[in-house]
Amino acid sequence: MAEALISVVLQQLASIIKKQVKQEVRLVVDVKKEVAKLTHNFKAIQVVLENAEERQMKEVDVRYWLDSLKDVSYEMDDVLDEWSTEILKLRIQKKEAGNAKKVCFCIHAAWFCFGHQVVLRLDIARKIKELNETLALIANERLNYNFQPPKRGVEQIEQRKSSSFVDQTFGREVEKDVLVKKLLSESGQARPNFLVIPIVGMGGIGKTTLAQLAYNDERVQAHFDNRIWVCVSDPFDEIKIAKAIIDVLKKGTNIQASNELQTLLEIIVECVKGKKFLLVLDDVWNDEYRKWEPFKLALQNGAVGSSVLVTTRKEDVAMMMGASADTINLQELSDENCWKLFCHIALVDREISEYRTFEVIGKEIVKKCKGLPLVAKTLGGLMRHKKTRKEWEDVLKSKTWELDVVEKQVFQPLLLSYYDLASTDKCCLLYCVIFPKGYVIEKDNLIELWMSQNYLNLIGNKEKEEVGETYFDNLVTRSFFQEFEKDDLGYITRCKMHDVVHDFLQFLTKNECFVLEGEGGNKRIMEFNGENKARHLTLMFAPEGAFPISLYSCKNLRTLATFDSNISTFGRELISQLKCLRTLNLSFNSIKEVPNEVGELTHLRYFDLSYNEDLMKLPDSVCNLMNLQTLRLIWCRTLERLPEGIGKLINLQHLYVMGCFRLKLPKVIARLTSLRTLDQVRILEVDNNKEALFGLSDLRNLDQLRGSFRIEFLENLKDARQAEKAHLVNKNCLVSLELRFFFGGTDEIPLVASQEETLNALQPPPNLESFSLYHYSGTTLRPHWMTSLNKLRILTLGYFEYVEVLPPLGRLESLEVLEIQDWPSLKKVGVEFLGIETQTSSPIILFPNLKKLVFEFLPMWEEWEGMTGWSEEEDSQKTITIMPYLSSLQIGYCGLLKTLPNFLRNTPLKELVIGFGCRILAQSCQKGRGGSEWPKISHIPNIKVWIGPSSEFVQKDGVWIGQQQTDDDER
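Residue numbers (our numbering): 49 to 1019.
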């Protein structure tokens, strides 16, 4: 943490000096000398920090030295942030003064402002000088500890050694069978002679054990001429690894040792030539291809069917070896198998009476393992020598991370993963401790939280959000996150953190990050000592009312977050003590009013009030939060307005208002040209614009918008030129766009005409990947831009009252998912849908990447024609290919549809679902019994037909099952 903190401070220093020069603002005079001293001292300390952070685990005095350094760094960060904020205020004042030169100001007010700035400047200069003196002492103290410069690899943490011998195991039978099957297979990746199989998972999950099980399997032993086991660890020492391989291959032969890699590789080539080998590389960390390539080339001389089995915590290693397709991502053991493993160690040789005494408590202790075999073994070893019920109950009641044996045996492997991270990644990982155990973490929200703590250093021309994506991916590939949820485009949106990893992070941050629970009479919260060095505080299960008084003295807090709480008020007393806050998360509470004093939180960058459903307004003082980057107001259902001065928040980048049904966005939102996120705008036209509301044309300068965006029309747009002025086409960073037109009205003809013009004018950006359109009342759907969306992957068209013909979508070359829902006027789907308008002799592919096609709620749809007069048999030149990657077709509530198109028989469909309301089609798809459509679909391995309230597989995995008729079939 200290390492990353210093990086932040140094970045702050450089940025502020640059601002003073660039903007000709001299807020703190003659401070250059102090800044130079600060920079020198921080850089001198930075050189030895890596060694200090490793040694603090064993040396208490080093830990105290680091704590002092962190205290000074935090204070310095606060001072520099004040300095930067004042520069920003002066810049805004200068700009406003330039725009209003003719305005006369009150002399007293001007003198007061000037006096305030002078006092503030002197205060900042004094603080910098005092902190510099303290930092100089800390820098000198470093010499007492004989810190060493950083070296590759971790010296303070003993590297684990492994062998091929395996102890008794429980579980992993399925994983072992999968792995052995891969090893015995003669085919695999498209590379010469040998297959690479990585086993990837977090530390302690049993990767080495699974490799040992396969290595010692009798079938595997019989299959390979040679088996070699090498424990690699970190660093990746090519000479050492080559010698270890040769020692096994030349067993019993005296060979002269060499330290030349070329010589060693030549010996390996000679030994493996024509032989089928299994090489296990256990515990690989290095993901540099140049280190792996020499071994890859040498091993290619083995016989076909050879294998290299790799265990690693890093997905990057699997990707580097080009083996992603054969990767085995190892998951946790079941509670049952964890209990068996624990019991095998803890209760072996115990009397039956003892077993029964400890069984119930033991099973509760095993729940702490959360599926990690290493934790089960460690706790089993701990309990092996505990004889009394009280001793067992003490362990059960304790926190896992407070047990010495867990620190020594479980956290040591995790420390290896932690030390393998860059300092910035470490900071981001440690911050995740603010979430409760088992919490579903939203990726975008997490990145915004990292931004609020200034953890995302700029890398080249990358935006901070992109840097955050990189850091997140780094943590993902090192198995710190799990249970990923993805959106329809395949991007990770949510994840969880393993409980043991959470315990590990609590262990590392135990003096800075606290999770307090209010259950049980609020006792833990009331006893909390707020005078410690707490920087990040999570409050859980707080009852209705105000924040506990014990939090009022937490003057150093940078994060205050509530979860599963019911806070209804927070006032000036609390705010006056939390002046260092960067992050304030008060979501899912019962707050009705935000006090004016919130505007005094100068450092605040992240403010979340989501799901406070009785909150009606925000105070005008919110507009004083110059540093605010993220404002989340999701599902504040009664919120009616935002402050008029919100346009002054020039640093605001993320504004969330989804579910704020009463909210009317003010026009001044258009000034926030730095906005990256504005999840929704609801367009309401008001005569003469008396309320100065945000209109569609006000989007024109918000070209930095990215991610997902929804436009909802609360009224029919009277002037389509407003849509043109929105300049949606310029918002190139948008990934997903949803348009919801006004649904209803009495004068249908103007409504139809207006919506057609509006849609045509709302041309999306060319990079869009997902587009949804709802409640469209036009009679035709042929906007000029529709077929130019060449990167579009998902298209949803829903609730189209009057459109009778589908647009030509077959030429959308990237389209993967297409959903057509609720078109009551659609009667026929013909050749126009495929995108063929004229005959051609050139080969064409229609819907070249479509994988999923859905038709639902089309009550008048009778015919799906496909290609009239065309068949695969007659097309000897293969000029037309239709849906070559289609894998899923779903049809529901299409009661008049009788037939399917002929081209379906030539698609690689894996699944056909005929849902409710398709009785005619369902009957014609039966095998035999007059099922005219069966020949078109017989090749599909999985066919599901819904009949009444039940669903039956007509065909499953290519096997005909049949179709059961019931008395309550649909009529």
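From the three backbone atoms N, C-alpha and C, an ideal C-beta is built for every residue, glycine too.
CB-CB length for residue i against residue j, believed under 8 Å
{"i": "R606", "j": "L632", "result": "10 Å between Cβ atoms; not a contact."}
{"i": "I717", "j": "F757", "result": "In fact, because the Cβ distance is near 13 Å, the residues do not count as touching under 8 Å."}
{"i": "E560", "j": "K581", "result": "6 Å"}
{"i": "E98", "j": "E51", "result": "7 Å"}
{"i": "V458", "j": "V548", "result": "7 Å"}
{"i": "H702", "j": "Q677", "result": "7 Å"}
{"i": "L952", "j": "K984", "result": "5 Å"}
Residue i, buried or exposed, once every other Cβ within 10 Å from all chains shown has been counted against 16
{"i": "D109", "result": "exposed"}
{"i": "D91", "result": "Here residue 91 turns out to be Lys, not Asp, going by the sequence shown. It counts as exposed."}
{"i": "Q379", "result": "exposed"}
{"i": "Y403", "result": "exposed"}
{"i": "I287", "result": "exposed"}
{"i": "N736", "result": "At N736, the pLDDT of 46 sits below 50, so the modelled position is not reliable; the number obtained from the coordinates is stated separately. So N736 counts as exposed."}
{"i": "Y659", "result": "buried"}
{"i": "T721", "result": "exposed"}
{"i": "E558", "result": "For clarity, residue 558 is Lys in the given sequence; the question names Glu instead. The residue in question, K558, is exposed, as its Cβ has fewer than 16 Cβ neighbours within 10 Å."}
{"i": "F532", "result": "exposed"}
{"i": "L381", "result": "buried"}
{"i": "D41", "result": "Outside the displayed range of the chain (49 to 1019) lies residue 41, so it cannot be described from this structure."}
{"i": "K438", "result": "exposed"}
{"i": "P714", "result": "buried"}
{"i": "S802", "result": "buried"}
{"i": "F483", "result": "buried"}
{"i": "T525", "result": "buried"}
Start and end residues, beta strand (DSSP E) containing residue i
{"i": "G940", "result": "S936 to G940"}
{"i": "L564", "result": "C561 to E565"}
{"i": "Q869", "result": "V865 to Q869"}
{"i": "T828", "result": "No beta strand (DSSP E) holds T828; DSSP gives it neither H nor E."}
{"i": "G846", "result": "I842 to G846"}
{"i": "A609", "result": "T607 to F611"}
{"i": "N633", "result": "T631 to N633"}
Span of the alpha helix (DSSP H), counted from its first residue to its last, around residue i
{"i": "K640", "result": "Per DSSP, K640 belongs to no alpha helix (DSSP H) and is neither H nor E."}
{"i": "Q530", "result": "Where Q530 is concerned, there is no enclosing alpha helix (DSSP H), although the beta strand (DSSP E) it sits in stretches over Q530 to K534."}
{"i": "E1020", "result": "In the structure displayed, the chain extends from 49 to 1019; residue 1020 sits before or after that span and is not available."}
{"i": "C781", "result": "It is not in any alpha helix (DSSP H) - C781 carries neither H nor E in the DSSP assignment."}
{"i": "T256", "result": "K255 to Y263"}
{"i": "E384", "result": "D383 to A394"}
Whole-angstrom distance between residue j and residue i, CA atom to CA atom
{"i": "V20", "j": "E648", "result": "There is simply no residue 20 to check, as the chain begins at 49 and stops at 1019 in what is shown."}
{"i": "I939", "j": "A970", "result": "10 Å"}
{"i": "T794", "j": "A768", "result": "With a pLDDT of only 47 at T794, under 50, the local geometry of the prediction cannot be trusted, and no value is derived from it."}
{"i": "Q752", "j": "R724", "result": "5 Å"}
{"i": "I54", "j": "V96", "result": "12 Å"}
{"i": "K875", "j": "N644", "result": "59 Å"}
{"i": "C475", "j": "M499", "result": "11 Å"}
{"i": "W387", "j": "K255", "result": "19 Å"}
{"i": "D282", "j": "W333", "result": "6 Å"}
{"i": "I868", "j": "L857", "result": "12 Å"}
{"i": "S306", "j": "L329", "result": "21 Å"}
{"i": "V317", "j": "L243", "result": "17 Å"}
Residue i and residue j closer than 7 Å at C-beta
{"i": "I93", "j": "A173", "result": "no"}
{"i": "L231", "j": "I247", "result": "no"}
{"i": "V820", "j": "E849", "result": "The question names Val, yet the displayed sequence has Ser at residue 820. No; because the gap between Cβ atoms is not below 7 Å, this pair is not in contact."}
{"i": "R907", "j": "P872", "result": "The sequence shown places Pro at residue 907, not Arg. Yes, they are a contact pair."}
{"i": "F529", "j": "M545", "result": "yes"}
{"i": "C708", "j": "I694", "result": "no"}
{"i": "D374", "j": "D335", "result": "no"}
{"i": "L901", "j": "I930", "result": "no"}
{"i": "L898", "j": "L863", "result": "yes"}
{"i": "T617", "j": "A594", "result": "yes"}
{"i": "Q348", "j": "N274", "result": "no"}
{"i": "L829", "j": "V851", "result": "yes"}
{"i": "V877", "j": "L845", "result": "no"}
{"i": "V57", "j": "D125", "result": "yes"}
Any chain B beta carbon closer than 7 Å to residue i
{"i": "V228", "result": "Reference to chain B is not applicable here, since this structure consists of a single protein chain."}
Cβ-heavy atom distance, residue i to the ligand ATP, below 6 Å
{"i": "F618", "result": "Inclusion of the ligand ATP in the displayed structure is not the case, the ligand content being empty and no account of it being possible."}
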